[in-house]
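These notes concern the structure reproduced below.
Numbering (the working numbering), first residue to last: 28 to 358.
Shown next as structure tokens:
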């Protein structure tokens with residue numbers, strides 16, 4: 028069975044990555060997919076959203092997290108069977124753990140070895156095995172859960188853990204917000220992703236590999252709209268609508284051609300999401316996605332109408348992503 032792996036990544040921390048992955052995981056389940064949500068952020072915010080403090084603490088105590096699968100690589104050179112938490116029928120979670128930080132330096136060292144230590148083929152192969160640790164874990168977890176789709180949540184940085192996670196992804200989607208820092212951040216992000224993809228290709232070229240590797244293909248971006256503050260309007264908001272598509276083409280896709288269109292006409296924009304601050308708080312308290320909220324959860328009046336609207340927004344977004352990543356379910 029084919030499994031599509033999608034990572035959601037931005038080095039900025041205020042773009043709503045975790046909330047996005049959480050709601051898409053529930054929506055894909057709603058649409059009939061078998062979903063694996065992979066929390067590869069050591070802060071484990073996605074796991075907290077799914078499970079709450081009490082259950083997450085239990086899993087940490089029991090060592091039933093992503094780190095339990097990774098840890099044997101440090102001692103034995105191989106992974107152990109992934110520990111999956113079944114959230115609901117057809118929806119499983121690979122639980123995050125702050126202990127994942129322990130492998131950061133090993134991943135950095137292995138990456139450098141893979142690029143520069145070209146005379147020692149054995150060292151390069153060992154480095155490759157460590158670098159591709161997340162790909163192995165996700166492949167085994169997908170088989171165990173019979174997953175159609177894997178959604179990866181990542182930390183907001185350019186660290187070695189994120190780099191190792193991104194090379195395990197078939198597709199990368201970039202969540203964005205339209206604000207003063209958007210264009211500069213996207214330019215920096217695009218340059219970094221291009222460098223990582225180039226270096227990863229170099230590591231593969233240094234070895235004679237006969238295994239299937241993820242594509243790490245850029246699939247598009249998603250815009251999250253912040254509420255407008257009339258006392259502090261977004262500077263040059265209209266300019267951002269045309270700058271973002273062009274920067275995405277040049278910095279992310281490495282396409283130097285002039286790309287003078289607006290976000291609304293850009294095929295790389297997979298969707299727009301409104302910012303429902305109050306509804307997010309209610310959903311966190313109820314420990315369920317916003318579009319599953321009921322009056323009993325506190326979603327009354329306009330909140331209930333907003334919950335219905337959010338369902339349609341995420342349904343449309345999930346469909347757009349599935350089409351772009353060739354992950355539609357067979358009838």
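For glycine and all other residues, C-beta sits at the position ideal for the given N, C-alpha and C.
None of the values given here were measured: they were computed from a predicted structure.
Sheet register partners of residue i (DSSP bridge)
| i | result |
| --- | --- |
| residue 200 | 35, 247 |
| residue 178 | 33, 64 |
| residue 298 | 249 |
DSSP three-state assignment for residue i, whether helix, strand or coil
| i | result |
| --- | --- |
| residue 361 | With the chain covering only 28 through 358, there is no way to say anything about residue 361. |
| residue 228 | helix |
| residue 172 | helix |
| residue 59 | coil |
| residue 44 | helix |
| residue 292 | helix |
| residue 154 | helix |
| residue 355 | coil |
Where the alpha helix (DSSP H) containing residue i begins and where it ends
| i | result |
| --- | --- |
| residue 308 | 304–313 |
| residue 97 | 93–102 |
| residue 78 | 72–89 |
| residue 191 | 187–193 |
| residue 346 | 329–351 |
| residue 274 | 264–274 |
Host beta strand (DSSP E) of residue i (start-end)
| i | result |
| --- | --- |
| residue 112 | 111–115 |
| residue 119 | 118–121 |
Interface flag, residue i vs chain C, CB-CB below 8 angstroms
| i | result |
| --- | --- |
| residue 213 | Of the chains in the structure shown, none is chain C; there is only one protein chain. |
Buried/exposed call for residue i, threshold 16 Cβ in 10 Å
| i | result |
| --- | --- |
| residue 59 | exposed |
| residue 198 | buried |
| residue 305 | exposed |
| residue 137 | buried |
| residue 164 | buried |
| residue 225 | exposed |
| residue 79 | exposed |
- Message: Closer than 8 angstroms is the cut-off here; do at least three beta carbon pairs connect the segment 210–222 with the segment 279–287?
- Response: Segment contact: the segment 210–222 against the segment 279–287, three or more CB-CB distances shorter than 8 angstroms; contact assigned.
- Is the number of C-beta pairs between the segment 332–348 and the segment 222–231 that are closer than 8 angstroms three or more? no
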